[in-house]
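Student: One structure follows; several queries about it will come next.
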Amino acid sequence: MTWTTRHATGALLAALVVSAGVANAQARRSSPAPAAGPRSVAIRAELADVLLQSRQYDDAAREYRALLRNDPRNRSYRMNLARALAWGQRFEEAEAELRVLSVQQPGSASIASLLLTVRQAMSPSAEIAATWAAERPGSPDYRRILARALARDGRHEEAVAQYDTLIAQQRTAGLFLERAYINIERRNHAAAESDLNAAIATRPNAEALVLLADLRRWRGDLGSAHALYTRAHQLSPNSAAVAAGFAQLARDERPAAAFLPQVSDGPGWQTASTATTDNLGALLTTVAARRGFEHGPIGGSAGAKLLRLTDRTAVADKALGYGADVALAGEATHRELFARARASVGFVNNPQADAVPDASFTLAAWVRAWGAALEASTGPAYPSLVTLASFLPQDDGSLLTERSATISIAGPIQRLDIAARRQVSAFSDGNARSSLEAFARYPIVPQVSLLYAGSSIAFAQPSTQYWDPARYVSHSIGAEYAVRSTRGLSAALRILPGLAWANERPLSGPDSIVQRRGSLLSAGAEFGYRGESWELTTVFGYSRGRAGDYERYDGRIQARYAP
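So the sequence shown is numbered by numbering that gives the first Met the number 0: it starts at 0 and just counts up by one.
Shown next, in the form of structure tokens:
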């Protein structure tokens, strides 16, 4: 945990500076004078002292080790060696030297104090920390070292028990804060909030306020989170954690209107079932399952899917397939900048054709509520074309594939939320497609917004396997009713009528262009419920487009469980 290293290192440096003079004087008084020898020994000792004082800790440690080889019982040399190792953050080596000193001079308060400070800066296993605590059964400092070690090892119940004892002896803000981190890892958010409130009441500090604000934000209480971030900013105006908290709050208050991709799969299990059908007779169904994990800023997942595509107008009326992939994701935060990256690699197999790679890379970044993303992918072409011809083997036995590059951006301007996406795709049959999409949302009353959606699509060449307009432009304006919440029930209903213009290539004369115009209509409904560790979402969609003669229906049921 970040608080362990930060607090322990600070305590180490303070204690070393305070104890340096006392420990050195005591060690020199209790050590015998060096035996008469070559003048080089005195010169080396003086050199070692100068190196230590000039903060050249590795060089000083090397010189003190050389001196100890000639005089292994010289406590002055060993104490300065331990000090050089500790100041150089070589804590395990410093601890070993201090144990030797403890045997040479048992009962020394200054050696015991320095040893404690060094051990507080270490990250021992729970077994080693338990040995230290057993040597000093009445020491709350060593009990705290043990509690931290138990937490690092994932033994949360035992760690909380140790903190319970410590807090019963002395109620401090630091102890409450450390126990709050453990309760968050246990997903006991109520206990974590209680600890954080107690920490703030004992001694208000920015770290506890930010963590409590994060908890309030996670459960959807954005107003309370804003007030807590403001208090933290007053205590620590230059805190990077406070700036990052305000930036994340801005994203939660104004989530991207559209197009920004999901860059992290999240921990736990996810399942999704989708179906897409149209009035031309195609029906694509998929069933997928995924298992994700997170370890700090790094996450990963593995998934598998089954799919079936049918077409009642084709001679071969159906095709089956399956696929699998693995993904790795990471994130980084610097004040108001938040970035995520995700890479996945896998395959999709159609028993009638060779397996094809299915890979992607996504990089997304946000500054407060504004976000942008860059995506590159390669894989089968049927998800975007939705025709059986694009899923069945080509004349050479291969599956039609698509390579795409996409850039998207979204964010708020005053009350208006906007989003745009640009994509270029190259298909393995030599064709190419370019598209541009735009979306805007403007609230007129609470829960009701006006919507705009526009798109432009163009194919470079004609094709008999899928819809291939030379150019297609659409504009729609509609409304949305939405009730969205971070926790609990969310719902959204939307409808967008519009117009479309198409330059199409007729099959009878692919070199000629036919201009068409027609009406559009798209409608959708979304319902979901999000709990502390699970989520269920259903989405239904209908669209009529392509100059009014094409209809499509979409459905999706998705579940997530993170124990």
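Just so it is clear, CB atoms sit at the ideal spot from N, CA and C, and this is done for glycine as well.
(1) Can the beta-carbon of alanine 132 be found closer than 9 Å to that of serine 124?
(2) Could you tell me whether any non-hydrogen atom of the ligand ZN is closer than 8 Å to the CB of glycine 544?
(3) Restricting to Cα atoms, I'd like to know which of Arg515, Ala358, Ala491 and Pro496 is closest to asparagine 502.
(4) Tell whether a beta-carbon distance below 9 Å holds between threonine 386 and serine 403.
(5) Work out the CA separation of serine 112 and alanine 59 for me, nearest whole Å.
(6) Are the beta-carbon atoms of arginine 135 and glutamine 103 separated by less than 9 Å?
(7) Once you ignore the five residues that flank glutamine 557 on each side, which residues in its own chain have a CB closer than 6 Å to its CB?
(8) Here's the rule I'm using: 16 or more other beta-carbon atoms within 10 Å means buried, otherwise exposed. How should alanine 35 be labelled?
(9) What are the start and end residues of the beta strand (DSSP E) that includes asparagine 73?
(10) Assign phenylalanine 258 to one of three DSSP states: helix, strand, or coil.
(11) Rounded to whole angstroms, what's the CA-CA distance from proline 517 to leucine 498? Just pull it up for me.
(12) According to the Cβ coordinates, are alanine 566 and leucine 327 closer than 9 Å?
(13) Thinking aspartate 251 and threonine 485 are a contact (beta carbons under 8 Å), I'd like their distance in whole angstroms, please.
(14) Roughly how many angstroms separate the alpha carbons of aspartate 416 and aspartate 220, rounded to a whole number?
(15) Could you tell me which residues DSSP puts in a beta bridge with leucine 449?
(16) Quick one: using the 10 Å Cβ neighbour count with 16 as the cut-off for buried, is leucine 66 buried or exposed?
(17) Can you name the start and end residues of the beta strand (DSSP E) that valine 385 belongs to?
(18) Which class does asparagine 348 belong to by DSSP, given the choice of helix, strand or coil?
(19) Pull up the distance between the alpha-carbon of glutamine 422 and that of leucine 210, whole angstroms please.
(20) Measuring straight from C-alpha to C-alpha, what distance separates proline 496 and tyrosine 541?
(21) Report yes if the CB atom of glycine 477 is closer than 9 Å to the CB atom of arginine 529, and no otherwise.
(22) Helix, strand or coil, according to DSSP, for arginine 223 in the structure here?
(23) Do you know how far the Cα of glutamate 45 is from the Cα of proline 31?
(24) Who are the Cβ neighbours of tyrosine 141 in its own chain at under 7 Å, not counting the five residues just before and after it?
(25) So tryptophan 217 is in the alpha helix (DSSP H); what residue range does that whole segment cover?
(26) Taking the Cβ atom as the reference point for each residue, do alanine 564 and glutamine 88 lie within a distance shorter than 9 Å?
(27) Which of the three DSSP states, helix, strand or coil, is assigned to aspartate 48?
(28) Let's test the definition: count the other Cβ atoms within 10 Å of the Cβ of glycine 396 and tell me whether it reaches 16, buried, or not, exposed.
(29) Assuming isoleucine 199 and alanine 207 form a contact by the criterion Cβ under 8 Å, report the distance between their Cβ atoms to the nearest whole angstrom.
(30) Is the segment 258–271 touching the segment 281–293 in the sense that three or more CB pairs, one from each, lie closer than 8 Å?
(31) Compute the Euclidean distance between the alpha carbons of arginine 470 and aspartate 428, then round it to the nearest angstrom.
(32) Just confirm the distance between the C-beta atoms of leucine 80 and glutamate 96, as a whole number of angstroms; I'd bet it's less than 8 Å.
(33) Secondary structure at proline 392, three-state DSSP: helix, strand or coil?
(34) Note the first and the last residue of the continuous alpha helix (DSSP H) segment covering aspartate 58.
(35) Can you give the beta carbon distance from glutamine 161 to alanine 146, rounded, assuming they're within the 8 Å contact cut?
(36) For aspartate 324, does the three-state DSSP call read helix, strand or coil?
Tutor: Checking against the coordinates, here is how it stands:
(1) no
(2) Judged by which ligands are present, the structure shown has none, so any question about the ligand ZN falls away.
(3) Arg515
(4) no
(5) 22 Å
(6) no
(7) Ala271 and Thr536
(8) For alanine 35, the predicted model reports a pLDDT of 38, less than 50, meaning its position is unreliable and no value from the coordinates is stated.
(9) From DSSP, asparagine 73 is part of no beta strand (DSSP E); its letter is neither H nor E.
(10) coil
(11) For the record, residue 517 in the displayed sequence is glycine; it is not proline. Spanning the two alpha carbons is a distance of roughly 6 Å.
(12) Residue 566 is absent from the model: the chain starts at 0 and stops at 562.
(13) 7 Å
(14) 22 Å
(15) Tyr441 and Ala478
(16) buried
(17) Per DSSP, valine 385 belongs to no beta strand (DSSP E) and is neither H nor E.
(18) strand
(19) 39 Å
(20) 12 Å
(21) no
(22) Note that residue 223 corresponds to serine in the displayed sequence, not to arginine. Correct three-state label for serine 223: helix.
(23) Bear in mind that a pLDDT of 42 at proline 31, under 50, signals an unreliable position, so the model cannot answer this.
(24) Trp131, Ala132 and Arg135
(25) 205–217
(26) Any property of residue 564 remains undetermined from this structure, which presents the chain solely from 0 to 562.
(27) helix
(28) exposed
(29) 5 Å
(30) yes
(31) 19 Å
(32) 6 Å
(33) coil
(34) 56–69
(35) 4 Å
(36) strand
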